[in-house]
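Some notes on the structure that comes next.
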Amino acid sequence: MSQVMNDKIELFLSQKALEEIGQHALETFPEECCGVVLTDGDVDRVHRLKNIQNQLHALDPQTYPRTATIAYAMDYKELELVIDEAKRNGAKLKAFYHSHPNHDAYFSDEDKAFASPFGEPTFPGTAQLVVAVYDRAVKEMCAFAWSDQEKDFIKVALTKT
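Final position of the sequence shown in the numbering used here is 187; the numbers increase by one with none missing.
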């Protein structure tokens, strides 16, 4: 996922993976996209996941008041299948990603609640990448990782490889 270099945490992602994530964000605009980055240690592979937020909202608008234009929800069964398949192929989960249409690339309280529902990361050692999309253009990508010292997600350097 990340490496510590000179006391600085960095997320290293391939140019190809970053381009694929940006393309996914553009294709789903004005709704949020979501997915994961898997790695075998050499190659990063982007796997798009379906944002089921609109389905949840339609089924139960009281519990899920937000639509996919301002929220995302991954299908946990789909995510589990992707992670299991990656393990069988010698790969592991490197990062989650999602987009913020017409909003900056920050790690929101809702994002934190998804990534650490019990106060600790559900997937330790896995980064979070947020893509800001304005006017059908990717404006920024920011990476976040769990800090044991801060007991929170912090912004980290995103380095293209």
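Here a beta-carbon is modelled for each residue, glycine too, at the ideal position from N, C-alpha and C.
For residue i, is the classification buried or exposed, using 16 other Cβ atoms within 10 angstroms of its Cβ as the cut-off for buried?
i, result
"residue 70", "buried"
"residue 84", "exposed"
"residue 79", "buried"
"residue 44", "buried"
By Cβ distance, which residues of its chain are closer than 8 Å to residue i, with the 5 residues on each side in sequence left out?
i, result
"residue 61", "47, 50, 72, 73, 74, 75, 122, 123, 124"
"residue 178", "138, 172"
"residue 164", "48, 51, 52, 157, 158"
"residue 89", "82"
Taking C-alpha atoms, which residue in the options lies nearest to residue i?
i, options, result
"residue 114", "131, 170, 64", "64"
"residue 160", "93, 45, 56, 44", "56"
"residue 225", "38, 127, 140, 174", "Given that the chain is displayed from residue 27 to residue 187, the structure contains no residue 225 and the question cannot be resolved."
"residue 162", "86, 58, 102, 141", "58"
"residue 175", "100, 42, 131, 146", "146"
"residue 129", "184, 68, 97", "97"
Can you tell me whether DSSP reads residue i as helix, strand or coil?
i, result
"residue 145", "coil"
"residue 179", "strand"
"residue 133", "coil"
"residue 74", "strand"
"residue 63", "strand"
"residue 55", "coil"
Assuming the contact rule is C-beta atoms closer than 8 Å, residue i and residue j should be a hit. Round their C-beta distance to whole Å, please.
i, j, result
"residue 120", "residue 148", "That belief does not hold up - the Cβ atoms of residue 120 and residue 148 are roughly 15 Å apart, past 8 Å."
"residue 141", "residue 168", "No, residue 141 and residue 168 are not in contact; Cβ-Cβ is about 14 Å, not under 8 Å."
By Cβ distance, which residues of its chain are closer than 7 Å to residue i, with the 5 residues on each side in sequence left out?
i, result
"residue 133", "154, 156, 170, 179"
"residue 104", "75, 76"
Got a sec? Which residues, its chain only, sit under 6 Å from residue i by beta carbon, not counting five neighbours each side?
i, result
"residue 39", "70"
"residue 93", "80, 83"
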